[in-house]
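Following: one structure in structure tokens, then a few remarks.
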Amino acid sequence: AAASIAQVHTAALHDGTEVIVKVLRPGVRELIDRDLDVLYAIAGLADRYWEHGKRLRPLE
């Protein structure tokens, strides 16, 4: 599994203008959304069942 979600490259247009190109991995937005859903679920469990959950407020 690749760790990075994007690559950034420098390039030059045909007229010589320098530009920056950012290339995202395919499906990266969906992966991030899914990972955040899992993290919120775990935080909810910690808030409900962990003795320090209320004090540390993992859902905030």
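When we follow this note's numbering, the leftmost residue of the sequence shown carries the number 10, and every step to the right adds one. All C-beta atoms in this analysis are idealised placements derived from N, C-alpha and C, irrespective of residue type, glycine included. Just so it is clear, the structure is predicted and the values come from calculations on it, not from any experiment.
Secondary structure at isoleucine 14: coil, using DSSP grouped into helix, strand and coil.
Minimum Cα-Cα distance from alanine 21 among the listed residues Val30, Tyr49 and Trp59 corresponds to Val30.
Taking a C-beta distance under 9 Å as the contact criterion, isoleucine 51 and isoleucine 14 do not qualify as a contact pair. Between the alpha carbons of tyrosine 49 and tyrosine 58 lies a distance of about 14 Å. For the options Val17, Arg66 and Pro67, the alpha carbon positioned closest to that of leucine 33 is the one of Val17.
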